[in-house]
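The working numbering numbers the first residue of the sequence shown as 1 and each following residue consecutively.
Data first, discussion second: the structure below is written as structure tokens.
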Amino acid sequence: MVSSTFSFALSIFFLNSFALSLNSIITDKHALISFRNSITSDPNAILSTNWSQNTSVCNWIGVSCGLKHRRVTALNLSGYDLAGTAAPHLGNLTFLRYLDISFNNFSGFLPFELSKLRRLKVMNVGANSFTGEMPTCGSIPREIGRLSYLRELHLGYNDGFQGGVPTEIGNLSRLEILNIDNASLTRDIPSSIFNISFLTQLSLRDNGLSGSIPTLLNLPRIEVLYLGNNKLRGIGSGQ
Numbered sequence: 001m002v003s004s005t006f007s008f009a010l011s012i013f014f015l016n017s018f019a020l021s022l023n024s025i026i027t028d029k030h031a032l033i034s035f036r037n038s039i040t041s042d043p044n045a046i047l048s049t050n051w052s053q054n055t056s057v058c059n060w061i062g063v064s065c066g067l068k069h070r071r072v073t074a075l076n077l078s079g080y081d082l083a084g085t086a087a088p089h090l091g092n093l094t095f096l097r098y099l100d101i102s103f104n105n106f107s108g109f110l111p112f113e114l115s116k117l118r119r120l121k122v123m124n125v126g127a128n129s130f131t132g133e134m135p136t137c138g139s140i141p142r143e144i145g146r147l148s149y150l151r152e153l154h155l156g157y158n159d160g161f162q163g164g165v166p167t168e169i170g171n172l173s174r175l176e177i178l179n180i181d182n183a184s185l186t187r188d189i190p191s192s193i194f195n196i197s198f199l200t201q202l203s204l205r206d207n208g209l210s211g212s213i214p215t216l217l218n219l220p221r222i223e224v225l226y227l228g229n230n231k232l233r234g235i236g237s238g239q
């Protein structure tokens with residue numbers, strides 16, 4: 001009797017686990033379909049022909065899944081000449097570790113829902129047309145500072161950005177590469193940026209940044225520092 005009760009309970013557990021896993025995979029699929037629906041131009045028909053609801057998302061171009069849970073862990077659509085907006089539904093890809101939609105023609109705001117991607121290690125949205133000013137904080141959302149596992153952040157060559165570098169980026173204590181070149185940024189560089197001790201590359205050149213660069217930088221691992229073509233004062237401002 002005890003054995004059959006245990007077996008029944010175990011069966012219920014596995015059924016519930018399977019149902020939860022299936023719902024999670026469906027959530028990933030809905031997020032990607034919503035992203036696809038926000039695309040206004042797909043000149044190479046990459047998404048319109050390959051991203052079929054009749055196939056697993058893990059087989060879609062640009063999508064990678066983890067072996068264990070089959071959740072979406074990477075989205076790489078760099079250089080496909082896609083146009084549209086970055087749908088906020090991307091924030092529902094909660095297992096995502098790698099996001100690269102660079103070298104396309106995406107526009108509009110960077111959705112603050114991206115801050116829900118707490119496992120994210122690499123974000124590259126550079127070389128697009130992201131633009132506009134979000135209320136009170138400029139067009140780079142402060143919520144990016146919540147991505148505590150982030151190693152690389154590429155936001156450069158979006159010449160429609162307005163405002164400054166969010167102070168909250170200084171909260172990304174594991175960040176190794178920060179690139180926001182040629183993004184129409186203004187104001188001072190937050191001092192918190194110069195205290196990210198894991199940074200090996202920091203590039204903020206070709207903006208309208210102003211203010212002074214601290215004499216002492218807490219960047220013990222820095223290998224590349226580009227701050228040129230701004231309105232900065234202090235060491236390295238011309239590099």
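We put the CB at the ideal spot given by N, CA and C, even for glycine.
Closer than 7 Å to a non-hydrogen atom of the ligand GTP - does that hold for the CB of residue i?
i: P111; result: In the structure on display, the ligand GTP does not appear, and there are no ligands present to speak of.
Buried or exposed: where does residue i fall if 16 or more other Cβ atoms within 10 Å of its Cβ makes it buried?
i: E176; result: buried
i: N37; result: exposed
i: L82; result: buried
i: P220; result: exposed
i: S203; result: buried
i: T55; result: exposed
i: L67; result: exposed
i: T49; result: exposed
i: N182; result: buried
i: I39; result: buried
What is the C-beta distance between residue i and residue j, in whole angstroms, given that I count them as a contact (C-beta under 8 Å)?
i: Y149; j: R119; result: 6 Å
i: I213; j: G234; result: 3 Å
i: Q201; j: V224; result: 4 Å
i: G156; j: I180; result: 5 Å
Answer yes or no: do residue i and residue j have a C-beta to C-beta separation smaller than 8 Å?
i: L114; j: G145; result: no
i: S102; j: G126; result: yes
i: Y80; j: I46; result: yes
i: L242; j: P141; result: Since the first residue of the chain shown is 1 and the last is 239, residue 242 is not available in this structure.
i: N124; j: H89; result: no
i: G208; j: S184; result: yes
Please go through the same chain and pick out, in chain order, the residues whose beta-carbon is closer than 6 Å to the beta-carbon of residue i, but skip the five residues on each side of it.
i: L117; result: L96
i: S78; result: D100, S102 and F103
i: W51; result: R36 and W60
i: A87; result: S34, F35 and S38
i: Y98; result: A74 and V122
Against chain B, does residue i count as a neighbour if the rule is that its beta carbon must be under 8 Å from one of theirs?
i: S78; result: No chain B appears in the structure shown, which is made up of a single protein chain.
Which residue's Cα is closest to the Cα of residue i: the options?
i: V122; options: N128, L75 and F161; result: L75
i: L216; options: S197, S210 and N230; result: S197
i: I189; options: N230, T40 and G62; result: N230
i: I169; options: G160, D42, L147 and I26; result: L147
i: Q53; options: G163, K29, R205 and L93; result: K29
i: F35; options: F112, W60 and G84; result: G84
i: E152; options: R174, Q162, V72 and T40; result: R174
i: D206; options: I222, L199 and Y226; result: Y226
i: V63; options: L93, I222 and T131; result: L93
i: V72; options: I26, I222, G211 and T131; result: I26
i: G211; options: Y98, L199, N195 and L232; result: L232
What does a CB cutoff of less than 7 Å around residue i pick up in its chain, not counting 5 residues either side in sequence?
i: C58; result: C65 and R70
i: S129; result: N105, F106, S107, N158 and G160
i: P43; result: D81
i: L199; result: L175, E176, L178, L219, R221 and I222
i: N195; result: G170 and N218
i: A31; result: H89, L90, N92 and L93
Looking only at its own chain, which residues have a Cβ that is under 8 Å from the Cβ of residue i, when we skip the five neighbours before and after it?
i: E143; result: F112, L114, S115 and E168
i: S41; result: D81, L82, A83, G84 and N105
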